[in-house]
Amino acid sequence: MVRLRALVALAALIVAGGLVAVIPSTAASAAACSAAWQASAVYWGDAQVSHNGRNYRAKWWTQNEAPPGTTGVWEDLGACGGGTTPPTGGTCSYPNWAAGTWYATGAIVRYTNGLYYIAEHDNPGYDPVVSTWYWEPYTCGGQPPTTTPPTNPGGFVVTEAQFNQMFPGRNSFYTYSGLVAALSAYSAFARTGSATVQRQEAAAFLANVHHETGGLVHVVEQNTANYPHYCDPGQPYGCPAGQAAYYGRGPIQLSWNFNYNAAGIALNLPLLTNPWLVQNDAAVAWKTGIWYWMTQNGPGTMTAHNAMVNGAGFGQTIRSINGSIECNGGNPAQVQSRIARYQQFVGILGVPAGGNLSC
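This is the structure we're talking about:
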């Protein structure tokens, strides 16, 4: 991503020896206002915006924090006005990108970082620096980009910006770094098959996670009345953490003593005796979700991982998680909710949804 720093014009009035020297009016006028700040937009470091008559520069990645903000992310560049921001990188004069606006293939927009992008595919206003399948950089003066986009930690097919776009209201417990750290538990997760299949699997996992947790809002099961019901005393190891200790936790809402025992053995973690690890450690929480996805058929006939990499389709991931509670007409509204989220997420990742979406 090319990062450009706009020059801020300064006006100065120099008083010396009773004489007043005035900087020429072209320099004294306020700087032109950059593109207006938008709450839904993602801004990378060095991106410039205007807000309430002033220009600001982002020091690092930010979203939803209006300038001047409270975290120090925005640098105040001073008042603006009296003109329009000149096009960047040549003679471009295209409209500012707006989230939620429909763009047809070939549309050119000016993004919040001052650079231009051209739509490679029709899209409903996806973010040019997040949904890179739909957009590519566009240069007016033939100048190649001087920097590269941020790297993707751990090689995960979902970038942090895409993750934040998928879960804009998530609980701060569910960190992206925790998710990336959890990938080491199962190297085949979202790394099996073609690039398209890998992205489809990641989208399917995160769509089901979104549904299970209300958009990564809930860390623990909300109905506390259910807590004592998740202890199966018939298991030889019993419930050493207590009768009511095995309630739903984490991105897949892991529950029951036998699931905590199995996940703990697989992940080499003391989850049977300390199930609270799942709600206190983000990486552990993500690992339990990936463990279930990769190893458990649940009420289905295959793991969710196998469903996605072997072409069975997204619908079979729903069956592996909730079975007839939702599938076979059990709760079609819930099934459709999961499908809609999956379709949104594959759109963000720039791949088709594939077939067999329902169960």
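Residue numbers (the working numbering): 85 to 443. Don't be surprised by glycine CBs; every beta carbon is placed ideally from N, CA and C.
Between E204 and E220, the gap from beta carbon to beta carbon is short of 8 Å.
Within the DSSP bridge table, the entry for Q132 names R141 as partners. With the rule of 3 Cβ pairs closer than 8 Å, the segment 372-381 does not count as touching the segment 241-256.
DSSP places N248 within a helical segment (H, G or I) once states are collapsed to three. C-alpha of R138 to C-alpha of A131: approximately 14 Å in a straight line. The secondary-structure analysis by DSSP pairs L338 across a beta bridge with R333.
Of the residues V303, S278, A367, the one whose Cα lies closest to the Cα of S261 is A367.
Around the beta carbon of I409, fewer than 16 other beta carbons lie within 10 angstroms, which makes this residue exposed.
Annotated as distal: W186 and Y195, with beta-carbon spacing of 8 Å or more. Here Q400 is buried: its Cβ has 16 or more other Cβ atoms, across all protein chains shown, within 10 Å. A203 is bridged by DSSP to W219.
By the beta-carbon neighbour count (other beta carbons within 10 angstroms, threshold 16), P320 is exposed. Distances from the CA of H294 to each of I402, A115, V157 were compared; the closest alpha carbon is that of I402. Membership of R194 in the beta strand (DSSP E) is indicated by the continuous run 192-194. With a contact defined as Cβ atoms closer than 8 Å, R283 and V430 qualify at about 7 Å. Taken atom to atom, the span from the alpha-carbon of R141 to that of D211 is near 19 Å. Annotation: Y270 to G318 spans about 30 Å, alpha carbon to alpha carbon. Judged by beta-carbon spacing, L267 lies beyond the 8 Å limit of F247, meaning their Cβ atoms are not closer than that value. Note: W370 is not bridge-paired with any residue in the DSSP secondary-structure output. Cα atoms of C443 and V435: separation of roughly 21 Å, rounded to the nearest angstrom.
Within a 10 Å sphere around the beta-carbon of I349 sit fewer than 16 other beta-carbons, which makes this residue exposed. For A120, the secondary structure class from DSSP, reduced to helix, strand or coil, is strand. Using a 10 angstroms sphere on the CB of Q380, the tally of other CB atoms reaches 16 or more, which defines it as buried.
With distances taken between CA atoms, V303 lies nearest to L338 out of S421, N406, L338.
In the three-state reduction of the DSSP assignment, Y258 falls in the coil class, being assigned neither a helical nor a strand state.
Of all alpha-carbon atoms in A369, G190, G184, the one lying nearest the alpha-carbon of A265 is that of A369.
Annotation for L353: L361, V368 place their beta carbon closer than 7 Å to its own, counting only its chain and skipping 5 residues before and after. As computed with DSSP, G162 is found in a beta bridge with N139. Between the alpha carbons of G209 and K143 lies a gap of roughly 25 Å. In the structure shown, the three-state DSSP call for Y311 is helix. Each of P383, D160, G165, A437 was checked against the Cα of N412, and the nearest Cα belongs to P383. Counting along the chain, N197 sits inside no alpha helix (DSSP H), nor does DSSP assign it H or E at all. Taken through DSSP and simplified to helix, strand or coil, V419 comes out as helix. The DSSP-derived three-state label of N180 is strand. For T297, the enclosing alpha helix (DSSP H) begins and ends at 279-297.
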